């Protein structure tokens, strides 16, 4: 007796990988998560995740396309949901980012993406929800970069609510005076300058914008905010970098 024909599953179309990108470049810890998948599927997902990470800053829309492709075939892998959330956040798709990062948190219990989730709430016009979400963060357990981001998002949410003094107080932390420039230092200084403006302390804000302009590589508009050319800025002390 003939077996009835079984419908074929539609082939998942994934974006072509950029030149030089390979799934072999994926973080080993994430590779281990992909072991639950069939080998061919795991290889496809690995390549898409590497592409998403590679393009995250230079082409967020393309990064999101790769991350969505990985999610379509591996939605039960926590790192895939995290990558999809971060790519959506970079591309300005805040509702999607929040949904994906919520899924990642449910799957892992991890809290390190709470600042990004809270910033999504801000972007969606819900600053009070952002603050409530940040209250759940175990601040002492967060990596330094995530803690700095949390402070910036909390300050911004207070500004959204018209609470300028609270916004400033949030950023008055020891990290402002660190002699070592970290990847997040410039953002913290810039946020502090904006908080100073919100409470009317313009002259101090200019000093902080000048400090940012003296050490950043054009990532911010701090030079324009100082109202001076780079060579006219006050001389800044030497900082260690790492």
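In this note's numbering, the protein residues as written are 4 to 245.
Glycine included, each C-beta is placed from N, C-alpha and C at the ideal position.
Note that the structure is predicted; figures quoted are calculated from it, not measured.
Minimum Cβ-Cβ distance from residue i to chain B less than 8 Å
i	result
residue 38	In the structure shown, chain B cannot be found, because there is only a single protein chain.
Span of the alpha helix (DSSP H) around residue i
i	result
residue 152	147-163
residue 192	188-201
residue 2	No information on residue 2 is available, as it lies outside the stretch 4 to 245 that the chain covers here.
residue 102	97-111
Cβ-Cβ distance between residue i and residue j below 8 Å
i	j	result
residue 121	residue 104	no
residue 174	residue 154	yes
residue 189	residue 229	no
residue 36	residue 78	no
residue 89	residue 59	yes
residue 98	residue 52	no
residue 107	residue 85	yes
residue 102	residue 140	no
Local conformation of residue i per DSSP, three classes
i	result
residue 7	Reliability fails at residue 7, whose pLDDT of 44 lies under 50, so the model's placement of it is uncertain and the value that follows must be treated cautiously. Of the three classes helix, strand and coil, the one that applies to residue 7 here is coil, per DSSP.
residue 47	helix
residue 223	coil
Alpha-carbon to alpha-carbon, residue j and residue i
i	j	result
residue 116	residue 149	8 Å
residue 73	residue 45	9 Å
residue 203	residue 147	29 Å
residue 179	residue 211	10 Å
residue 142	residue 118	10 Å
Proximal residues to residue i (C-beta, below 6 Å), its chain only, five neighbours per side dropped
i	result
residue 13	For residue 13, the pLDDT reaches just 47, beneath the cut-off of 50, and the residue's location in the model is therefore unreliable, although a value from the coordinates is still provided. Here the set comprises nothing.
residue 254	The structure shown does not extend to residue 254, since the chain is modelled only from 4 through 245, so no value can be given for it.
residue 164	130
Cutoff 8 Å; reference residue i; Cβ partners in own chain excluding five residues on either side
i	result
residue 168	202
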